[in-house]
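Q: Can you read through this structure? Questions will come right after.
There are 2 protein chains.
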Amino acid sequence: MTAVAAKDTRNEDKHRAILRAAEELFMQNGYATTSMDAIADHAGVSKQTIYAHFQNKENLFVGMMEGMCCRYGYPMECMLGEAQAGKSPADTLSALGMQKLRLIALPDAMGLFRLVISESTRNPELGRIFYEQGPKFTNKLLSDLLDAYVKAGTLKISNTSAAAETFYAMLCQPLHLKLMIGVDVDTSEKALKQHLDEVVTRFIKAYS
Amino acid sequence: MTAVAAKDTRNEDKHRAILRAAEELFMQNGYATTSMDAIADHAGVSKQTIYAHFQNKENLFVGMMEGMCCRYGYPMECMLGEAQAGKSPADTLSALGMQKLRLIALPDAMGLFRLVISESTRNPELGRIFYEQGPKFTNKLLSDLLDAYVKAGTLKISNTSAAAETFYAMLCQPLHLKLMIGVDVDTSEKALKQHLDEVVTRFIKAYS
DNA sequence: CTGCGTTTGGACTCACCAGTCCATATATGT
DNA sequence: ACATATATGGACTGGTGAGTCCAAACGCAG
């Protein structure tokens with residue numbers, strides 16, 4: 009008798025294909041303008057299969073959004089080890105900062121943000137999930153680091169949580185806004201590095 | 009013979025009513041989910057009247073968005089005289105900053121932002137118009153002021169344009185994000201003032 | 001009062017879409 | 001091979017919505 013039985017993965021494969029198709033189409037066209045027929049076509053499944061997996065359109069949307077939000081903070085968390093290795097504040101901020109810049113410029117991240125902004129009024133839970141898995145999480149990572157620097161006497165910050173928010177705001181907001189609304193902005197590695205350096209310099213000056 | 013003839017204003021009145029109804033409903037429900045029938049009802053006109061004034065739904069939407077964008081920078085421009093009266097950087101930044109905080113928290117401003125974010129991929133002109141009448145304009149106002157302080161030797165800023173962006177990012181982004189996605193945030197006058205003071209302090213320290 | 005621009009209510013066409021139903025096919029596990 | 005879970009293609013229902021058409025009403029200006 010075999011210890012591990014073979015397993016029918018049709019369910020999972022189809023489920024994944026549906027979610028992936030939903031991601032692409034919802035992000036591309038928005039919630040209201042994306043039809044279940046289109047998602048079915050894109051996923052290579054029948055519409056009835058979607059309804060076998062998800063109760064309705066909204067249920068698919070929320071499931072998809074939760075999945076995407078869960079993936080949001082992951083890359084930043086992976087950076088944490090690297091950033092902790094006894095480095096100076098400037099080095100730490102630079103490493104985390106560059107990672108954050110790259111993250112917000114990802115098409116998926118931008119698509120997710122767009123959906124949250126446009127759909128969170130009619131489904132407020134989306135905003136909460138997005139915030140907790142995303143900004144709140146990444147801010148916490150940074151504020152913990154800042155706490156360590158404060159304890160070591162390197163920086164003077166009374167509210168590291170607000171300071172972390174401030175750092176990411178300085179770093180990301182101008183670029184993010186332009187990307188989101190399609191205004192020309194230089195996203196070359198050189199330009200990003202320059203901006204990052206300037207922000208790190210100013211931030212440290214402001215908090216030391 | 010009278011110098012000024014009476015004038016039929018039905019056109020203008022209806023036109024305005026249509027635009028106002030469009031604003032409210034598009035902001036409330038998004039573009040795709042708002043029907044022309046609903047706008048007609050809300051404006052108190054017949055649907056055919058809308059089509060007598062606007063070629064189609066998209067045309068109405070763009071006209072409405074342009075009208076709203078034109079109103080975006082106006083309050084900030086009005087602040088300009090006040091802010092210039094030989095004040096210190098801190099006082100100037102505080103005055104402009106508080107005005108900006110109030111502006112971004114206006115339901116109309118938030119609704120406009122939401123529409124720009126969600127609709128600018130399919131109509132890129134919206135992003136451009138919004139950016140130029142809004143952020144770019146208000147940033148220019150501030151960077152001109154910063155230029156004056158730099159010339160007077162009060163602040164040390166090599167790129168006032170970027171610095172203006174940074175100031176507004178520090179000031180507005182954390183609050184704005186939370187407002188936009190419906191996360192709890194303290195918007196009491198006291199909390200705003202406190203945040204503003206902190207940001208002004210840090211900004212000046214970073215650039216002097 | 002008359003001419004004409006503006007507006008109206010209602011009906012209409014055509015396309016789209018969420019969700020349902022159905023008979024059948026397919027694939028898996030025993 | 002058989003039982004059963006999963007998936008399919010296609011048709012369908014009922015509703016919605018952009019835009020059009022039409023005859024008539026309304027309101028303004030001269």
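Line by line, the protein sequences give chains A and B. Take 9 as the starting number for the first sequence in our numbering and just add one per residue. Take 9 as the starting number for the second sequence in our numbering and just add one per residue. Backbone N, C-alpha and C fix where the C-beta goes; we use that ideal spot for every residue, glycine too.
#1: Which one of A:Thr162, A:Val124, A:Tyr82 and A:Gln36 has the shortest CA to CA distance from Ala98 (chain A)?
#2: Which word fits Gln63 (chain A), buried or exposed, when buried means at least 16 other C-beta atoms lie within 10 angstroms of its C-beta?
#3: So, at 7 Å on beta carbons, what are the nonlocal neighbours of Lys55 (chain A) in its own chain, with the 5 sequence-adjacent residues on each side left out?
#4: So with Cβ pairs under 8 Å, would you call Phe138 (chain A) a contact of chain B?
#5: Ile58 (chain A) lies in the alpha helix (DSSP H); which residues open and close that run?
#6: Is the separation between the beta-carbon of Phe145 (chain A) and that of Met178 (chain A) shorter than 8 Å?
#7: In or out: Ala199 (chain B) buried (at least 16 other Cβ within 10 Å) or exposed?
#8: Step through the CB atoms of chain A and report whether any lies within less than 8 Å of the CB of Arg210 (chain B).
#9: Show which residues of chain B have a CB atom less than 9 Å away from the CB atom of Met106 (chain A).
#10: What's the C-alpha gap between Gln217 (chain B) and Met73 (chain B)?
#11: Output yes or no for whether 8 Å exceeds the beta carbon distance between Thr217 (chain A) and Leu154 (chain A).
#12: So, does the CB of Arg79 (chain A) fall closer than 8 Å to a CB anywhere in chain B?
#13: Drop a sphere of 10 angstroms on the beta-carbon of Asn19 (chain B), count the other beta-carbons inside from all chains shown, and report buried for 16 or more, exposed for fewer.
#14: Can you tell me the Cα-Cα spacing of Ile137 (chain B) and Met188 (chain A), whole angstroms?
#15: Please report the residue range of the alpha helix (DSSP H) in which Val193 (chain B) lies.
#16: I need the boundaries of the alpha helix (DSSP H) containing Asp21 (chain A), first residue and last residue.
#17: Closer than 8 Å, CB to CB, is Leu185 (chain B) near chain A or not?
#18: In chain order, what residues of the same chain lie with their CB nearer than 6 Å to the CB of Val207 (chain A), ignoring the 5 residues before and after it?
#19: Closest to Asn147 (chain B) by CA distance: which of B:Tyr82, B:Met76, B:His23 and B:Ile58 is it?
#20: From Thr195 (chain B) to Cys86 (chain B), what distance separates their C-alpha atoms?
#21: Determine the burial state of Ser216 (chain B): buried for a count of at least 16 other Cβ atoms within 10 Å of its Cβ, exposed for fewer.
#22: If we call anything under 8 Å between Cβ atoms a contact, is Leu204 (chain A) one with Ser102 (chain A)?
#23: If we define contact as Cβ-Cβ less than 8 Å, is Lys148 (chain B) a contact residue for chain A?
#24: For Val12 (chain B), does the three-state DSSP call read helix, strand or coil?
#25: Looking at chain A, is there any beta carbon in it that lies within less than 8 Å of the beta carbon of Pro83 (chain B)?
#26: Within 10 angstroms of the Cβ of Gly135 (chain B), are there 16 or more other Cβ atoms? Answer buried if so, exposed if not.
#27: Alpha carbon to alpha carbon, what distance is there between Asp152 (chain B) and Lys159 (chain B)?
#28: Give the interface partners of Pro182 (chain A) over in chain B, defined as CB-CB distance under 7 Å, in chain order.
#29: According to DSSP, is Ile165 (chain B) helix, strand or coil?
#30: Can you grab the Cα-Cα spacing for the pair Met84 (chain B) / Glu133 (chain B), in whole Å?
#31: How many Å lie between Ala170 (chain A) and Leu120 (chain A) at the Cα?
#32: Considering just the uninterrupted stretch of the alpha helix (DSSP H) at Gly71 (chain B), what are its terminal residues?
#33: Mind checking Ala214 (chain A): buried by the 16 CB within 10 Å criterion, or exposed?
A: Taking the coordinates as given:
#1: The residue you call residue 98 (chain A) lines up with position 90 of the first sequence. Among A:Thr162, A:Val124, A:Tyr82 and A:Gln36, the Cα nearest to that of Ala98 (chain A) is on A:Thr162.
#2: Position 55 of the first sequence, counting from 1, holds the residue named residue 63 (chain A). Answer is exposed; the Cβ neighbour count stays below 16.
#3: Translated into positions along the first sequence, residue 55 (chain A) becomes position 47. Excluding residues within five positions, the ones whose Cβ falls inside 7 Å are Met44, Asp45 and Ala48.
#4: Here residue 138 (chain A) refers to the residue found at position 130 of the first sequence. Yes - at least one Cβ of chain B is within 8 Å of the one on Phe138 (chain A).
#5: As a working mapping, residue 58 (chain A) is identified with position 50 in the first sequence. That run of the alpha helix (DSSP H) goes Lys55 to His61.
#6: Against the first sequence, residue 145 (chain A) aligns to sequence position 137. Against the first sequence, residue 178 (chain A) aligns to sequence position 170. No, they are not a contact pair.
#7: Start at 1 with the first residue of the second sequence, and residue 199 (chain B) comes out as number 191. The residue in question, Ala199 (chain B), is exposed, as its Cβ has fewer than 16 Cβ neighbours within 10 Å.
#8: To locate residue 210 (chain B), count along the second sequence from 1; it is residue 202. True, the Cβ-Cβ gap to chain A drops below 8 Å.
#9: To locate residue 106 (chain A), count along the first sequence from 1; it is residue 98. Within 9 Å Cβ-Cβ: nothing; Met106 (chain A) doesn't reach chain B, min ~17 Å.
#10: Chain B is shown from 9 up to 216; residue 217 (chain B) falls before or after that span and cannot be answered.
#11: Summary: the structure shown does not reach residue 217 (chain A), with chain A confined to residues 9 through 216, and so no result is reported for it.
#12: By 1-based counting over the first sequence, the position of residue 79 (chain A) is 71. Not closer than 8 Å to any Cβ of chain B, the Cβ of Arg79 (chain A) fails to qualify, so no.
#13: Here residue 19 (chain B) corresponds to residue number 11 of the second sequence, with the count starting at 1. Label assigned to Asn19 (chain B): exposed.
#14: As a working mapping, residue 137 (chain B) is identified with position 129 in the second sequence. As a working mapping, residue 188 (chain A) is identified with position 180 in the first sequence. Those two C-alpha atoms are separated by around 14 Å.
#15: The count along the second sequence starts at 1 and reaches residue 193 (chain B) at position 185. Here Val193 (chain B) belongs to no alpha helix (DSSP H), and DSSP marks it neither H nor E.
#16: Here residue 21 (chain A) refers to the residue found at position 13 when the first sequence is read from its first residue. Segment Arg18 to Asn37, the alpha helix (DSSP H) holding Asp21 (chain A).
#17: Stepping through the second sequence from its first residue, residue 185 (chain B) is reached at position 177. True, the Cβ-Cβ gap to chain A drops below 8 Å.
#18: Position 199 of the first sequence, counted from the start, is the residue given in the question as residue 207 (chain A). Excluding positions up to five away in sequence, the list reads Met178 and Leu179.
#19: As a first step, residue 147 (chain B) must be located in the second sequence, where it is residue number 139. Asn147 (chain B) has its Cα closest to that of B:Tyr82, out of B:Tyr82, B:Met76, B:His23 and B:Ile58.
#20: Looking up residue 195 (chain B) in the second sequence gives position 187. Looking up residue 86 (chain B) in the second sequence gives position 78. Distance between the alpha carbons of Thr195 (chain B) and Cys86 (chain B) is about 23 Å.
#21: Sequence index remark: in the second sequence, residue 216 (chain B) carries index 208 (1-based). Ser216 (chain B) is exposed by the Cβ-count criterion.
#22: Here residue 204 (chain A) refers to the residue found at position 196 of the first sequence. Here residue 102 (chain A) refers to the residue found at position 94 of the first sequence. Yes. Within cutoff.
#23: Within the second sequence, numbered from 1, the residue matching residue 148 (chain B) stands at position 140. Chain A places no beta carbon closer than 8 Å to that of Lys148 (chain B), leaving this residue out of the contacts.
#24: Stepping through the second sequence from its first residue, residue 12 (chain B) is reached at position 4. A caution first: Val12 (chain B) carries a pLDDT of 47, below 50, which makes its placement in the model unreliable, though a value can still be read off. If DSSP states are grouped into helix, strand and coil, Val12 (chain B) belongs with coil.
#25: Looking up residue 83 (chain B) in the second sequence gives position 75. Contacts with chain A at 8 Å (Cβ-Cβ) do not include Pro83 (chain B).
#26: For this step, residue 135 (chain B) is matched to residue 127 along the second sequence. When all chains shown are included, Gly135 (chain B) counts as buried.
#27: Position 151 of the second sequence, counting from 1, holds the residue named residue 159 (chain B). Position 144 of the second sequence, counting from 1, holds the residue named residue 152 (chain B). Those two C-alpha atoms are separated by around 11 Å.
#28: Indexing the first sequence from 1 puts residue 182 (chain A) at position 174. The contacting residues are Glu173 and Ala177.
#29: Reading the second sequence from its first residue, position 157 is the one you call residue 165 (chain B). Ile165 (chain B): coil per DSSP, three-state reduction.
#30: As a first step, residue 84 (chain B) must be located in the second sequence, where it is residue number 76. As a first step, residue 133 (chain B) must be located in the second sequence, where it is residue number 125. So the alpha carbons of these two residues sit roughly 23 Å apart.
#31: Residue numbering aside, residue 170 (chain A) sits at position 162 when the first sequence is read from its first letter. Residue numbering aside, residue 120 (chain A) sits at position 112 when the first sequence is read from its first letter. Each residue's Cα considered, the two are about 24 Å apart.
#32: Indexing the second sequence from 1 puts residue 71 (chain B) at position 63. Note, Gly71 (chain B): alpha helix (DSSP H), Lys65 to Cys78.
#33: Counting from one through the first sequence, the residue named residue 214 (chain A) turns up at place 206. Buried, by the Cβ-count rule.
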